[in-house]
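Protein chains in written order, with the numbering used here: chain V, 1 to 114; chain C, 1001 to 1111. All C-beta atoms in this analysis are idealised placements derived from N, C-alpha and C, irrespective of residue type, glycine included. A quick note: this is a predicted structure, and the numbers were derived from the prediction, not measured. For reference, the structure discussed in these notes is given below.
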């Protein structure tokens, strides 16, 4: 069974540029989550999809961040325009749909904004 | 609010036993997760405790005391490959699908 895949694994961009991160969850998993870890800080929740619907986007930092989940399959997270403080590791995770279940994480995208 | 505390770093010797503690404060409790993360890799699920007591799973066990807001992860017969970060997380009281994470405990296993 293929795991959660994220692309790219690393991205280095300049302040003001746009970056789009992609996540392919495990097939059949309705729940998809985005988390972010800034260096020296804890992992923080960004948002949660159930199929194609956003269930909770309370963790999105501001309106420079836009997440979509086309047809309830893969998801993209776009940052436009990127700022220095957006640097960090962006993790995607998926789960089938029962509370208390484990999350399956991708290896993350290391984003560096210079 | 919700808060999770874990030691930042621990060191142990191959073959030994190590206990990694986690204390949490939350207005509503919906269980506690432990994840393992090797450097540069995805966090992977280790355990989920919702009732008090010890749950054993091979070399790894997890304990929970809800009254004390305390959990620990017990790793036995340590191996070099157990060198990793161990993350404690609890569901948010308002939205139990949103996890609140500790900073993680970086465990170094030495020969």
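Asked, Found
"Chain-ordered chain C contacts of residue 56 of chain V [CB-CB under 8 Å]", "1095, 1097, 1098"
"Coil, strand or helix - residue 109 of chain V by DSSP", "strand"
"Endpoints, beta strand (DSSP E) assigned at residue 1109 of chain C", "1105-1110"
"Contact set between the region 1039-1062 of chain C and chain V, restricted to residues whose Cβ is under 8 Å from the partner", "1040, 1041, 1042, 1043, 1044, 1045, 1048, 1050"
"Reduced DSSP secondary structure (H/G/I, E/B, other) of residue 1082 of chain C", "helix"
"When V/17, V/11, V/59, V/33 are compared against residue 73 of chain V, the one with the closest alpha-carbon", "V/33"
"Counterpart residues of residue 1049 of chain C in DSSP-defined beta bridges", "C/1032"
"Closer than 9 Å at the beta carbon, the chain V residues around residue 1101 of chain C", "35, 37, 42, 43, 44, 45"
"Where residue 1011 of chain C falls: helix, strand or coil (DSSP)", "strand"
"Residue environment, residue 79 of chain V, which counts as buried when at least 16 other CB atoms sit within 10 Å", "buried"
"Residue 6 of chain V burial status per 10 Å Cβ neighbour count (16 or more: buried)", "buried"
"Per DSSP, the bridge partner or partners of residue 1071 of chain C", "C/1022, C/1064"
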